[in-house]
Amino acid sequence: MIELRINGELRSVEVPADMPLLWVLRDVLGLTGTKFGCGIAQCGACTVHLDGNAVRSCVLPVGSIGERPITTIEAVGASATGAAVQKAWLDVEVVQCGYCQSGQIMSASALLRTMPHPNDADIDAAMAGNICRCGTYVRIREAIKKAAQAG
Amino acid sequence: MANTAIGRPEPGVELLVTRRAFLGAGLGVGGALLVGFQVPAAGAAAEGKGVFAPNAFVRIDRQGTITLIMPQVEMGQGVYTAIAMILAEELDAAFEQVRLEPAPPSDKLYGNPTFGIQVTGNSNSIRSFWLPLRKAAAGAREILVQAAARVWRIDPSGIRTEESTAIHTASGRRIAYAALIEHAAGLTPPQNPVLKDPKNFKLIGKPLKRLDTPDKVIGKTVYGIDVMPPGVKFATLAACPVFGGKVAHVDDSKAKLLPGVRQVLAFDEFVAVVGDHMWAAKQGLGALDITWNEGPNSVVSSTDVWRQIRVASEQEGAVAKIVGDAAKGLTEGELHEAVYEMPFLAHATMEPMNCTAHVTPTSCEVWVGIQVLSRAQKVAAKVAGLPLEKVTVHNHLIGGGFGRRLETDFVEKAVLIAKQVDGPVKVVWTREEDIQHDIYRPVYLDRLSASVSNGRIAGWKHRITGSSVIARWLPPAFQRGIDIDAIDSAADVPYDIPNLRVEYVRDEPPAVPTGFWRGVGPNNNVFAIESFMDELARKANKDPVAFRRDLLDKTPRLKAALELAAEKAGWGSPLPPRTGRGVAVQVAFGSFIATVAQAEVDEHGEVRVQRMVSAVDTGIVVNPDTVIAQLQGGLTFGLTAALYGRIDIDKGRVRQSNFNDYRMLRINEMPQIEVHLIQSGEAPGGIGETGTTAAPPALGNALFAATGIRLRRLPIDRDVLSGRKPA
Numbered sequence: 002m003i004e005l006r007i008n009g010e011l012r013s014v015e016v017p018a019d020m021p022l023l024w025v026l027r028d029v030l031g032l033t034g035t036k037f038g039c040g041i042a043q044c045g046a047c048t049v050h051l052d053g054n055a056v057r058s059c060v061l062p063v064g065s066i067g068e069r070p071i072t073t074i075e076a077v078g079a080s081a082t083g084a085a086v087q088k089a090w091l092d093v094e095v096v097q098c099g100y101c102q103s104g105q106i107m108s109a110s111a112l113l114r115t116m117p118h119p120n121d122a123d124i125d126a127a128m129a130g131n132i133c134r135c136g137t138y139v140r141i142r143e144a145i146k147k148a149a150q151a152g
Numbered sequence: 164m165a166n167t168a169i170g171r172p173e174p175g176v177e178l179l180v181t182r183r184a185f186l187g188a189g190l191g192v193g194g195a196l197l198v199g200f201q202v203p204a205a206g207a208a209a210e211g212k213g214v215f216a217p218n219a220f221v222r223i224d225r226q227g228t229i230t231l232i233m234p235q236v237e238m239g240q241g242v243y244t245a246i247a248m249i250l251a252e253e254l255d256a257a258f259e260q261v262r263l264e265p266a267p268p269s270d271k272l273y274g275n276p277t278f279g280i281q282v283t284g285n286s287n288s289i290r291s292f293w294l295p296l297r298k299a300a301a302g303a304r305e306i307l308v309q310a311a312a313r314v315w316r317i318d319p320s321g322i323r324t325e326e327s328t329a330i331h332t333a334s335g336r337r338i339a340y341a342a343l344i345e346h347a348a349g350l351t352p353p354q355n356p357v358l359k360d361p362k363n364f365k366l367i368g369k370p371l372k373r374l375d376t377p378d379k380v381i382g383k384t385v386y387g388i389d390v391m392p393p394g395v396k397f398a399t400l401a402a403c404p405v406f407g408g409k410v411a412h413v414d415d416s417k418a419k420l421l422p423g424v425r426q427v428l429a430f431d432e433f434v435a436v437v438g439d440h441m442w443a444a445k446q447g448l449g450a451l452d453i454t455w456n457e458g459p460n461s462v463v464s465s466t467d468v469w470r471q472i473r474v475a476s477e478q479e480g481a482v483a484k485i486v487g488d489a490a491k492g493l494t495e496g497e498l499h500e501a502v503y504e505m506p507f508l509a510h511a512t513m514e515p516m517n518c519t520a521h522v523t524p525t526s527c528e529v530w531v532g533i534q535v536l537s538r539a540q541k542v543a544a545k546v547a548g549l550p551l552e553k554v555t556v557h558n559h560l561i562g563g564g565f566g567r568r569l570e571t572d573f574v575e576k577a578v579l580i581a582k583q584v585d586g587p588v589k590v591v592w593t594r595e596e597d598i599q600h601d602i603y604r605p606v607y608l609d610r611l612s613a614s615v616s617n618g619r620i621a622g623w624k625h626r627i628t629g630s631s632v633i634a635r636w637l638p639p640a641f642q643r644g645i646d647i648d649a650i651d652s653a654a655d656v657p658y659d660i661p662n663l664r665v666e667y668v669r670d671e672p673p674a675v676p677t678g679f680w681r682g683v684g685p686n687n688n689v690f691a692i693e694s695f696m697d698e699l700a701r702k703a704n705k706d707p708v709a710f711r712r713d714l715l716d717k718t719p720r721l722k723a724a725l726e727l728a729a730e731k732a733g734w735g736s737p738l739p740p741r742t743g744r745g746v747a748v749q750v751a752f753g754s755f756i757a758t759v760a761q762a763e764v765d766e767h768g769e770v771r772v773q774r775m776v777s778a779v780d781t782g783i784v785v786n787p788d789t790v791i792a793q794l795q796g797g798l799t800f801g802l803t804a805a806l807y808g809r810i811d812i813d814k815g816r817v818r819q820s821n822f823n824d825y826r827m828l829r830i831n832e833m834p835q836i837e838v839h840l841i842q843s844g845e846a847p848g849g850i851g852e853t854g855t856t857a858a859p860p861a862l863g864n865a866l867f868a869a870t871g872i873r874l875r876r877l878p879i880d881r882d883v884l885s886g887r888k889p890a
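Here it is, written out as structure tokens:
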């Protein structure tokens, strides 16, 4: 039995310790907002916050998490930064298919938490791990700047 | 948009809609007014394969909820919002309160007027449905007006409508649509309802917020991969790494010992593992010892593919278009010839292939995001061995289509697996399986010859060689040896050319299955033609913009786009060394687009795309923000292909496997993108694929301007650009 602190709740799961958090979230807990994209930390679709930092849940074994809190897209809007990012995403109309956007929003909100006013290079560094096949990057950059202004 | 929602159909509604549609308007479940309508199969009819079928719906219930049923699928292109805008416009519905619902499978009701089947593709949703949807909504509005006239015992001409309400102009009396549905039920929709004058549009033309995005930013949208029917199990699969190979033997002794692994299933062409979650299924698959019968394709490599297509391209092709006398024209002036080659490409939708199915002896239920819903139902029925009416298909929002989900292979495999599983099973492909068992954009080879005399083209010959996707995917459309998609944007070049011949040679590559990929035929043709036009301009000692402009008198909309793009891009202004601008123009998917790329090449041949400027005339624009977004995204998609896209075949297998070796453009590589819309009153054009076709030739021409090196193969070769390798 593994205990996880997810979105402010304590959740117990009966899974192997080497099972990546992604599949625990999606298939065991039904938190399907976090997406599977590549399974090898190349695309960022599975990004969640661990202790407030953006991590790729597809390569994060649940057994290694311990008591560190996990936040997913379903709850990131509870923080002021997360809510500002989600609002900016809609204001700028970033989203197309939307499949990668959970991960994009998690990466962006982690960036803004530690760096409230990122420049273009900061945005590149924080967001280059998140692929968007629809090509919404131009608007992602704009939305991050907008969310930064709002904050 | 407080009340806006994308809902699921209520149980029982779908069949009722189907039956009622043939009867015209009537009261449905819960007292909903259903309006069915006839759609002339425009386009298809002209080619003699047309169908006349009733189509999409407006549903209004007693509570005033207006449900708009979406005949086309939403895969990011914004079509749900655009269709809702069109329907709400002619219906005079309160847009903030409409509810959207995906159409159930039915070619009869929701068939795309262009194809005669239920398909979302070829950038034609708005082009195909523009008039039918307006007529449907306008017809519904007329019935509601008639109903209000009966209630008030007045002439309908005194009644106007707005915000889901009928208003008697003289007295100011108002009655909500919801209150009219009982009175409207017996009325027949008019055959030819009066459509709004575009100058009176209230919604169309405005950058309205998309209806599908609020749920997407909070992780609430349920894509196909997210469905969780009670008791669902999880499966993943592996097909033979060699195309066409079969399963010879499976040793599952180790896999079955793993926790969470429930079943190991071997089929003719693939093996699947079913588990309590994807991790168990994936671990189980990895623990299998599979012996494959690789079959004859195990000796095929990319070299064989290219050798074959080069030989095939030497032969004369089926004639797609003749103007004047090309052979004679080619003798007038200086002859120039070039060959262009395009690689296989995978789609790499961010949502990997997946499908969830539940098969019982008497029923089959399928959850999937797919561009061909009715085909999904037919395939599921066939595999499950059940009649069509026993198969329910739930269509979901799609996490990227790009043509990959115009196929049904992932549905077929899921239903095969589900037949062996007790309860529902979600089948998710790994990214590796997704890349290595895609249905690929074909390799193409284009032979172009032209003669230039006094700055004009005297003769032109274009021979396109490649796989015919149409012949497999829509066989009746493959006529007289011509693949209408493969020649699209080539048979009708926009330039004034007095003598022209366009041919098509069908060449099916060994081993590799081929399919539609964002940009389809024009992707290949626009690259070849616009690269070649640049070469001709240089031959003629003319500026590439001026050379094109002088040949565009018969295509004024494109000429205007070219002039605008050149102006906005600062065409002709000085640039630093090793930096260049390139232009490309296109008439594709009914839109007229000019694009200028600006890029820098360093001494190692590394390319930095700095800026993309597109000028777009796509006729009447439904939602300008969506058009801009599609250009931004489409250009990015095209740049990814030009800079990185290639699928290589080695011993019958795909060499690439995931995003580490099948690279995507990332945010740190993005150029600035500017899109300029041109006002137009023409019928709407298609937009979803246009940026993808525009980017590669514009970039290639910019790289030539920067380096003097002409790249005739994609993706770009950095060794050639750096001079390490000859062009």
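In order, the protein sequence lines correspond to chains U and R.
All you need for this note's numbering is the position in the first sequence, starting with 1, plus 1.
All you need for this note's numbering is the position in the second sequence, starting with 1, plus 163.
Think of the CB as a built atom: it goes at the ideal place given N, C-alpha and C, for glycine as much as any other residue.
Work out the CA separation of residue j and residue i for me, nearest whole Å.
{"i": "residue 44 (chain U)", "j": "residue 332 (chain R)", "result": "57 angstroms"}
{"i": "residue 340 (chain R)", "j": "residue 347 (chain R)", "result": "9 angstroms"}
{"i": "residue 567 (chain R)", "j": "residue 512 (chain R)", "result": "8 angstroms"}
{"i": "residue 770 (chain R)", "j": "residue 353 (chain R)", "result": "59 angstroms"}
{"i": "residue 271 (chain R)", "j": "residue 280 (chain R)", "result": "8 angstroms"}
{"i": "residue 140 (chain U)", "j": "residue 844 (chain R)", "result": "28 angstroms"}
{"i": "residue 824 (chain R)", "j": "residue 807 (chain R)", "result": "9 angstroms"}
{"i": "residue 828 (chain R)", "j": "residue 822 (chain R)", "result": "10 angstroms"}
{"i": "residue 438 (chain R)", "j": "residue 455 (chain R)", "result": "23 angstroms"}
{"i": "residue 18 (chain U)", "j": "residue 757 (chain R)", "result": "55 angstroms"}
{"i": "residue 812 (chain R)", "j": "residue 52 (chain U)", "result": "43 angstroms"}
{"i": "residue 342 (chain R)", "j": "residue 308 (chain R)", "result": "12 angstroms"}
{"i": "residue 84 (chain U)", "j": "residue 110 (chain U)", "result": "9 angstroms"}
{"i": "residue 878 (chain R)", "j": "residue 694 (chain R)", "result": "14 angstroms"}
{"i": "residue 20 (chain U)", "j": "residue 442 (chain R)", "result": "6 angstroms"}
{"i": "residue 357 (chain R)", "j": "residue 797 (chain R)", "result": "36 angstroms"}
Could you spell out where the beta strand (DSSP E) holding residue i opens and where it closes?
{"i": "residue 499 (chain R)", "result": "497-505"}
{"i": "residue 353 (chain R)", "result": "Segment: none, residue 353 (chain R) is in no beta strand (DSSP E) and carries neither H nor E."}
{"i": "residue 530 (chain R)", "result": "526-531"}
{"i": "residue 389 (chain R)", "result": "No beta strand (DSSP E) contains residue 389 (chain R), which DSSP labels as neither H nor E."}
{"i": "residue 755 (chain R)", "result": "754-764"}
{"i": "residue 50 (chain U)", "result": "48-51"}
{"i": "residue 827 (chain R)", "result": "From DSSP, residue 827 (chain R) is part of no beta strand (DSSP E); its letter is neither H nor E."}
Rank the options by C-alpha distance to the C-alpha of residue i and give the top, closest one.
{"i": "residue 864 (chain R)", "options": "R:775, R:848 and R:457", "result": "R:775"}
{"i": "residue 778 (chain R)", "options": "R:692, R:343, R:841 and R:734", "result": "R:841"}
{"i": "residue 503 (chain R)", "options": "R:859, R:226 and R:486", "result": "R:859"}
{"i": "residue 598 (chain R)", "options": "R:355, R:406 and R:742", "result": "R:406"}
{"i": "residue 793 (chain R)", "options": "R:324, R:227, R:245 and R:307", "result": "R:245"}
{"i": "residue 637 (chain R)", "options": "R:252, R:266, R:284 and R:295", "result": "R:284"}
{"i": "residue 484 (chain R)", "options": "R:836, R:887 and R:650", "result": "R:650"}
{"i": "residue 518 (chain R)", "options": "R:226, R:576 and R:621", "result": "R:576"}
{"i": "residue 735 (chain R)", "options": "R:752, R:753, R:705 and R:715", "result": "R:705"}
Counting along the chain, where does the alpha helix (DSSP H) carrying residue i start and finish?
{"i": "residue 112 (chain U)", "result": "102-115"}
{"i": "residue 834 (chain R)", "result": "Counting along the chain, residue 834 (chain R) falls outside any alpha helix (DSSP H), and DSSP gives it neither H nor E."}
{"i": "residue 127 (chain U)", "result": "121-128"}
Are any of the Cβ atoms in chain A nearer than 7 angstroms to that of residue i?
{"i": "residue 380 (chain R)", "result": "Although the question refers to chain A, the structure presented lacks it and instead comprises the protein chains U and R."}
Self-check item: Touching by the beta-carbon criterion (3+ pairs, under 8 angstroms), the region 383-403 of chain R and the region 421-440 of chain R
Solution: yes
Quiz item: Which whole runs of the alpha helix (DSSP H) in the region 428-473 of chain R are 4 residues long or more, in chain order?
Solution: 441-449
Quiz prompt | Runs of alpha helix (DSSP H) lying entirely within the region 839-888 of chain R, each at least 4 residues, in chain order | solution = 853-870 and 881-884
Practice problem: Can you check the region 651-721 of chain R for any beta strand (DSSP E) of at least 3 residues that lies completely inside it and give the ranges in chain order? | Solution: 663-669
Self-check item: Validate contact between the region 77-92 of chain U and the region 58-69 of chain U using beta carbons, cut 8 angstroms, 3 pairs
Solution: no
Exercise. Examine the Cβ distances between the region 525-537 of chain R and the region 225-244 of chain R and report whether three or more of them are shorter than 8 angstroms.
Key: yes
Exercise. Taking only runs that begin and end inside the region 297-376 of chain R, name each unbroken alpha helix (DSSP H) of 4 or more residues, in chain order.
Key: The region 297-376 of chain R contains these whole alpha helix (DSSP H) runs: 344-347.
Quiz item: If you scan the region 206-281 of chain R from start to end, which runs of the beta strand (DSSP E) of 3 or more residues do you find wholly inside it?
Solution: 221-223, 229-233 and 261-265
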